[in-house]
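A.B. asks: Top line first, the protein sequences correspond to chains A and B.
Per this note's numbering, residue 1 is the first one in the first sequence, and the count goes up by one each step.
Per this note's numbering, residue 1 is the first one in the second sequence, and the count goes up by one each step.
C-beta atoms are modelled at their ideal positions from N, C-alpha and C, and glycine is treated no differently.
Since we're looking at a predicted model, the values are computed, not measured.
Here it is, the structure, as structure tokens.
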Amino acid sequence: DQQVKQNSPSLSVQEGRISILNCDYTNSMFDYFLWYKKYPAEGPTFLISISSIKDKNEDGRFTVFLNKSAKHLSLHIVPSQPGDSAVYFCAASEMGAGGTSYGKLTFGQGTILTVHP
Amino acid sequence: EAGVAQSPRYKIIEKRQSVAFWCNPISGHATLYWYQQILGQGPKLLIQFQNNGVVDDSQLPKDRFSAERLKGVDSTLKIQPAKLEDSAVYLCASSLGGGQFFGPGTRLTVL
């Protein structure tokens, strides 16, 4: 049972344009969501997160939107740069007492983003 | 601040052999995780430690996989005996109760 799904295996965009990566989840207990970026031969690195009490979180070129009723979140990268080319993973967990990720992360399958110069 | 260290980075073994992976988390991080990432899939949690105690090992195939974190710092993950389907990247992560920081992983190939 895939509780977190990224239905687009790959995405290709032109440098300077917007990249939109999508993620859907089925478990209504999830209330904290994260995006990780992964380069080849490296571990995933944290990019941005959002808790269920918000519908938007922004950090520089990266914005995450959460639609709880649709159980859907998306990551927007504006403007996209060639260095953003990587695999992007959506992850979900139940929020802990400190207001951040509780612990166990459930990951999606990943989306390969390629940004062309 | 040093990141999460893992070794070896690559390992090739034949099926039915044994293999062990090592992880050194970020200093002071009480929580340590082992994930398995099969090609084309996202990481899947195998086991979570809080200090040297197991918090969650519900997805660890206990007939062949074992893990320990004896002194609440370093951890080892062992597979004995290995199967072809164990070919994957094994990721270690640590946290101080918040975000998880990942190591570079160990790529295991079982022939």
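Could you confirm whether any beta carbon from chain C is found closer than 7 Å to the beta carbon of A:Gln109?
C.D. replies: You won't find chain C in this structure, because its protein chains are A and B.
A.B. asks: If we cut at 7 Å on Cβ distances, does B:Gln80 have a partner in chain A?
C.D. replies: It does not: the Cβ of B:Gln80 has no partner Cβ on chain A nearer than 7 Å.
A.B. asks: By DSSP, does B:Leu91 sit in helix, in strand, or in coil?
C.D. replies: B:Leu91 sits in a strand when the DSSP states are folded into three classes.
A.B. asks: What's the C-alpha gap between B:Ser87 and B:Ile13?
C.D. replies: 10 Å
A.B. asks: Work out the CA separation of A:His76 and A:Pro23 for me, nearest whole Å.
C.D. replies: The question names Pro, but residue 23 of chain A is Cys in the sequence shown. Distance between the alpha carbons of A:Cys23 and A:His76 is about 12 Å.
A.B. asks: Which runs of the beta strand (DSSP E) fall wholly inside the segment 15–50 of chain B and span at least 3 residues, in chain order?
C.D. replies: Within the segment 15–50 of chain B, the complete beta strand (DSSP E) runs of at least 3 residues are 19–24, 31–37, 44–50.
A.B. asks: Taking DSSP's pairing of strands, which residues face A:Phe107 in a bridge?
C.D. replies: A:Ala91
A.B. asks: Mind reading off the beta-carbon distance from B:Val19 to B:Ala93? Whole number of angstroms is fine, and I expect it under 8 Å.
C.D. replies: That belief does not hold up - the Cβ atoms of B:Val19 and B:Ala93 are roughly 20 Å apart, past 8 Å.
A.B. asks: Within 7 Å of any Cβ in chain A, is that where the Cβ of B:Asp56 sits?
C.D. replies: yes
A.B. asks: If you run the structure through DSSP and keep just helix, strand and coil, what is B:Asp86?
C.D. replies: helix
A.B. asks: Determine the chain A residues that contact B:Thr106 at a beta-carbon separation under 8 Å, and present them in chain order.
C.D. replies: Chain A residues near B:Thr106: none, gap ~10 Å exceeds 8 Å.
A.B. asks: Mind reading off the beta-carbon distance from B:Arg69 to B:Ile79? Whole number of angstroms is fine, and I expect it under 8 Å.
C.D. replies: Their Cβ separation, rounded to whole angstroms, is 17 Å, which puts B:Arg69 and B:Ile79 out of contact at 8 Å.
A.B. asks: Cβ atoms of A:Phe107 and B:Gly103: under 7 Å apart, would you say?
C.D. replies: no
A.B. asks: Can you give me the C-alpha to C-alpha distance between A:Lys68 and B:Gly28, rounded to a whole angstrom?
C.D. replies: 35 Å
A.B. asks: Is the CB of B:Pro8 under 7 Å away from at least one CB in chain A?
C.D. replies: By this cut-off, B:Pro8 is not an interface position.
A.B. asks: Looking at the unbroken beta strand (DSSP E) that takes in A:Ser51, where does it start and where does it end?
C.D. replies: 45–51
A.B. asks: Should A:Ala92 and A:Val4 be called a contact, given that it needs their Cβ atoms to be closer than 7 Å?
C.D. replies: Yes; because the gap between Cβ atoms is below 7 Å, this pair is in contact.
A.B. asks: With a Cβ-Cβ cutoff of 7 Å, do B:Tyr33 and B:Gln48 count as a contact?
C.D. replies: yes
A.B. asks: Can you find a C-beta in chain A that's less than 7 Å from the C-beta of B:Phe102?
C.D. replies: yes
A.B. asks: Report the option in B:Asp56, B:Gln37, B:Leu96, B:Cys23 whose CA atom is closest to the CA atom of B:Thr76.
C.D. replies: B:Cys23
A.B. asks: Please name the residue or residues paired with B:Glu68 in a DSSP beta bridge.
C.D. replies: B:Thr76
A.B. asks: Going along the chain, which residues of its own chain have a beta-carbon closer than 6 Å to the beta-carbon of A:Asn27, five neighbours each way excluded?
C.D. replies: Gln3
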